[in-house]
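Chains as they are written, first to last, in our numbering: chain W, 38 to 443; chain D, 38 to 443. Just so you know, even glycine gets a beta-carbon here, dropped at the ideal spot from N, CA and C. Only a predicted model underlies this, so the values are computations on that prediction, with no experimental measurement involved.
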């Protein structure tokens with residue numbers, strides 16, 4: 038439609054190019070841990086796509102990348118869109134990459150439609166959103182906005198003992214975010230809200246408070262045969278009761294509590310463990326609800342540990358309060374999309390929440406997920422719904438990039 | 038005392054030489070997995086000690102080693118002594134190596150005392166006794182006697198995916214055992230029996246039946262936040278209840294049941310697991326007691342899995358019936374030791390049990406363990422008690438090697 042169109046591959050071509058990267062043949066799930074194998078390949082792909090479109094790519098000190106579109110006449114605070122490329126272990130294809138591919142595809146629509154933006158567009162890729170390598174969710178965005186301290190984060194280690202400080206340069210919060218006036222992140226929905234509402238695309242009202250707590254149960258290693266049951270201090274029992282208690286409390290309170298990660302030492306069949314470390318993921322519809330939930334789980338864990346002769350130490354690894362996305366920006370996006378888009382809360386955390394809390398007006402769009410499953414191979418989205426997401430994102434960006442600012 | 042004395046290092050010197058090998062500075066425990074690092078070093082040490090004494094070392098196809106003393110005049114079935122050099126993960130110093138070092142020290146006493154054996158002495162080191170690498174306890178001895186099939190065992194894999202068939206040659210059961218008429222294994226006690234009896238050395242009556250069962254709970258991976266509690270199929274819950282049930286049933290029955298090893302997939306903090314695999318170690322004072330115990334644990338696990346919407350598969354990885362050590366040999370050893378040695382059961386399994394079940398008359402000596410702890414850094418034995426063990430072993434071997442056979 039215009040000679041300035043970059044004619045990069047379209048949405049479906051880009052999506053097909055990403056599908057094999059980091060995919061396990063065994064499970065069909067994805068292993069895209071940050072700064073490692075598949076994720077490095079995805080980063081190179083992003084830089085290539087940005088280069089192809091003539092977008093200038095900036096890398097910050099925390100591994101975040103941003104591709105800038107600053108055509109003549111564009112000035113003032115930029116509109117940022119994008120997401121992340123890393124996945125949880127054995128995760129789905131959509132969580133993260135859908136937002137990045139949709140951002141590039143939306144950019145292509147803008148160019149093809151001859152949109153002349155009054156302000157810059159930035160397409161961002163945040164690093165370690167899932168926390169699957171260094172254990173802290175939204176680590177790249179938190180470091181970029183200064184919500185996490187580099188002094189603390191630099192010594193985080195992955196499962197192989199590699200420190201974050203050995204992988205990225207680190208330093209002060211990222212200056213590029215100072216040039217951003219609004220963020221719109223498109224994401225696959227991680228539940229069945231849009232399925233129930235029969236809508237391809239939705240918008241987020243905010244994010245439930247959520248956090249991660251590490252429970253270390255320490256007992257005494259012993260022979261699994263020779264040690265009498267009554268002489269043991271077995272931390273596996275303390276942990277097992279805690280996992281059941283967490284599930285029960287979350288059900289009773291209508292909230293969420295999960296123990297999905299466990300490490301046992303020495304983890305031998307014929308050895309009573311010396312230590313069981315387990316990570317609680319808790320979410321609730323209010324900060325007080327979350328605090329009550331975690332306190333009750335911790336109380337029951339401590340009581341059981343005392344009974345087992347084990348000891349318990351609980352460490353809050355990351356705790357995020359409730360996020361309400363900017364009402365003015367949400368209203369503008371809603372208006373741009375014709376007021377037809379349903380609004381629902383996000384129970385998963387996102388870089389969008391980090392940016393909103395750092396004072397950058399933020400909105401999110403969701404694309405329907407027929408299975409409702411996320412962080413797992415069954416995560417999905419239909420092509421038509423994905424293209425509807427690109428369309429909605431392009432429409433919102435067009436409105437935000439042109440005419441008077443907020 | 039005699040010019041044929043080999044004058045190798047004495048018990049304490051040998052023991053000191055082994056102490057640093059495979060020891061974790063962090064825990065003080067030992068990591069001596071078979072055919073790997075520390076254990077390879079221990080094997081080389083054994084060959085060196087045998088060479089120093091002029092003993093001929095034979096390696097079989099399964100990684101077992103035997104050092105032969107066949108002086109002039111010695112003929113007929115040999116008396117075998119020894120133990121193993123591998124450890125559980127983060128194990129103690131004594132479980133295994135004490136029997137090997139004591140065997141070499143006892144040999145030295147025999148030589149120094151001018152004993153002229155009528156039959157050969159063999160000092161054996163069995164491979165992968167703990168099952169800490171390939172998951173099968175007493176694997177070396179089981180393969181050697183033909184109680185385990187090489188066809189089945191060759192494809193066992195370790196945590197890194199290395200196959201047993203890539204590590205040892207394998208093949209038919211070992212011919213060297215055909216030349217063995219009796220086995221005496223000295224071992225650190227793995228409970229507090231001798232402490233309570235105030236005795237430095239004891240003898241084993243037999244071994245409790247014991248086994249390992251793998252419990253695979255399969256559910257459905259999902260997002261730890263977005264998936265509603267009631268929509269989940271979380272195998273962690275099924276496992277947690279099973280671990281508690283196993284402990285309770287073992288207490289009620291006066292038996293032993295332990296879940297010491299757990300593997301979670303994908304093991305991410307923000308992911309409901311798709312699978313939890315856990316290994317049950319069960320022991321009982323009778324085969325029917327063990328069968329009842331495991332059946333009840335499996336019944337409760339299956340019921341909970343059904344409630345959780347998960348599925349359960351249970352695999353018996355190794356099951357060993359009750360072993361009674363040869364009464365004639367036990368009687369002879371008791372007589373040689375002056376009838377002063379208390380007799381107690383072993384709840385841990387040993388290569389001695391495998392040889393006994395394969396028709397080789399077998400006896401075991403225990404050395405007092407002040408902590409009663411085993412398979413853990415706190416495992417211990419005092420030097421005086423260790424030397425008393427060497428003395429008892431040398432006395433028993435002298436009697437068994439000289440004069441009329443059984």
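Cross-chain neighbours of residue i in chain D, by beta carbon under 8 angstroms
i	result
residue 371 of chain W	Within chain D, no residue comes near residue 371 of chain W; the closest Cβ sits about 22 angstroms away, beyond 8 angstroms.
residue 78 of chain W	Within 8 angstroms Cβ-Cβ: nothing; residue 78 of chain W doesn't reach chain D, min ~20 angstroms.
residue 411 of chain W	259, 260, 263 and 264
residue 281 of chain W	274, 277, 278 and 281
residue 284 of chain W	266, 271 and 274
residue 288 of chain W	266 and 267
residue 228 of chain W	260, 263, 264 and 265
Nearest-angstrom Cα separation, counted from residue j out to residue i
i	j	result
residue 133 of chain D	residue 225 of chain D	8 angstroms
residue 196 of chain D	residue 197 of chain W	15 angstroms
residue 374 of chain D	residue 258 of chain W	34 angstroms
residue 297 of chain D	residue 305 of chain W	6 angstroms
residue 310 of chain D	residue 202 of chain W	30 angstroms
residue 64 of chain D	residue 129 of chain D	10 angstroms
residue 400 of chain W	residue 59 of chain D	55 angstroms
residue 301 of chain D	residue 98 of chain W	33 angstroms
residue 256 of chain D	residue 167 of chain W	22 angstroms
residue 46 of chain D	residue 431 of chain D	16 angstroms
residue 131 of chain D	residue 227 of chain D	10 angstroms
residue 291 of chain D	residue 324 of chain D	14 angstroms
residue 379 of chain D	residue 340 of chain D	44 angstroms
residue 206 of chain D	residue 418 of chain W	51 angstroms
residue 272 of chain D	residue 343 of chain D	10 angstroms
residue 439 of chain D	residue 113 of chain D	12 angstroms
residue 92 of chain W	residue 85 of chain W	10 angstroms
As assigned by DSSP and simplified to three states, the class of residue i
i	result
residue 211 of chain W	coil
residue 436 of chain W	helix
residue 77 of chain W	helix
residue 367 of chain D	helix
residue 89 of chain W	helix
residue 104 of chain W	strand
residue 127 of chain W	strand
residue 394 of chain D	helix
residue 117 of chain W	strand
residue 389 of chain D	helix
residue 374 of chain D	coil
Chain W residues whose Cβ lies nearer than 7 angstroms to that of residue i
i	result
residue 451 of chain D	With chain D running from 38 to 443 in the structure shown, residue 451 of chain D is simply not present.
residue 122 of chain D	Those within 7 angstroms of residue 122 of chain D in chain W number zero; the least Cβ separation is about 17 angstroms.
residue 316 of chain D	306
Within chain W, the residues that residue i reaches when beta carbons sit closer than 8 angstroms
i	result
residue 346 of chain D	Chain W residues near residue 346 of chain D: none, gap ~13 angstroms exceeds 8 angstroms.
residue 310 of chain D	297
residue 222 of chain D	Result: empty, since nearest Cβ-Cβ is about 16 angstroms, beyond 8 angstroms.
residue 73 of chain D	Chain W residues near residue 73 of chain D: none, gap ~15 angstroms exceeds 8 angstroms.
residue 167 of chain D	305 and 307
Rounded distance between the beta-carbons of residue j and residue i, thought under 8 angstroms
i	j	result
residue 247 of chain D	residue 170 of chain D	The Cβ separation is near 19 angstroms, so there is no contact.
residue 252 of chain D	residue 391 of chain D	No, residue 252 of chain D and residue 391 of chain D are not in contact; Cβ-Cβ is about 25 angstroms, not under 8 angstroms.
residue 404 of chain D	residue 223 of chain D	7 angstroms
residue 383 of chain D	residue 237 of chain D	So it is not a contact: roughly 17 angstroms between Cβ atoms.
residue 75 of chain W	residue 68 of chain W	6 angstroms
residue 118 of chain D	residue 221 of chain D	5 angstroms
residue 260 of chain W	residue 412 of chain D	4 angstroms
residue 159 of chain W	residue 176 of chain W	About 20 angstroms; that fails the 8 angstroms criterion.
residue 282 of chain W	residue 317 of chain W	Actually they are not in contact, since the Cβ atoms of residue 282 of chain W and residue 317 of chain W sit about 10 angstroms apart, beyond 8 angstroms.
residue 115 of chain W	residue 217 of chain W	5 angstroms
residue 174 of chain W	residue 386 of chain W	6 angstroms
Partners in chain W for residue i, counting only beta-carbon separations shorter than 9 angstroms
i	result
residue 126 of chain D	302, 303, 304, 305 and 308
residue 249 of chain D	306 and 307
Under 9 angstroms by beta carbon: chain D residues contacting residue i
i	result
residue 174 of chain W	306 and 307
Chain D contact residues for residue i, given Cβ-Cβ distances below 7 angstroms
i	result
residue 384 of chain W	262 and 263
residue 320 of chain W	262
Any non-hydrogen atom of the ligand FMN closer than 6 angstroms to residue i Cβ
i	result
residue 340 of chain D	Questions concerning the ligand FMN fall outside what the structure shown contains, since it holds no ligand whatsoever.
Problem set entry | In chain order, each beta strand (DSSP E) run of at least 3 residues that lies wholly inside the region 130-201 of chain D | 158-163
>> Please give the ranges of any alpha helix (DSSP H) in the region 232-316 of chain W, keeping only runs that are unbroken, at least 4 residues long and fully inside the region.
In response: 272-290
Residue ranges of each alpha helix (DSSP H) within the region 314-358 of chain W, 4 or longer = 324-345
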